[in-house]
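Take a look at the structure set out below.
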């Protein structure tokens, strides 16, 4: 079963979260989604876009979600009878 990883950067001050650029990303299963969510959320917050001052002033924190990919069932093929 596949999952979509979405990383959010949230602010306690603004009381809101924003989806990080490049997300959601497909993952092969729940385990890898959670594992990657932990590492990737760290990288998004501390990897360069936000300064130490940004993090402190806005009280930023990362969060992530792993949502199951729902694939609709295939529609039956109708045969034309002539």
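Residue numbers (my numbering): 1 to 82. No residue lacks a Cβ here, since even glycine has one placed at the ideal position from N, Cα and C.
With respect to 8 Å, is the separation between the Cβ of residue i and the closest non-hydrogen atom of the ligand SAH below this value?
i, result
"residue 77", "Annotation note on the ligand SAH: not contained in the displayed structure, which lists no ligands."
In angstroms with no decimal places, state the Cα-to-Cα distance between residue i and residue j.
i, j, result
"residue 20", "residue 79", "46 Å"
"residue 24", "residue 31", "16 Å"
"residue 56", "residue 12", "10 Å"
Around the C-beta of residue i, are 16 or more other C-beta atoms found within 10 angstroms, so that it is buried, or is it exposed?
i, result
"residue 73", "exposed"
"residue 68", "exposed"
Within the continuous alpha helix (DSSP H) that includes residue i, where are the two ends?
i, result
"residue 58", "52-58"
"residue 46", "30-46"
Note the first and the last residue of the continuous beta strand (DSSP E) segment covering residue i.
i, result
"residue 25", "25-27"
"residue 19", "16-19"
"residue 9", "3-11"
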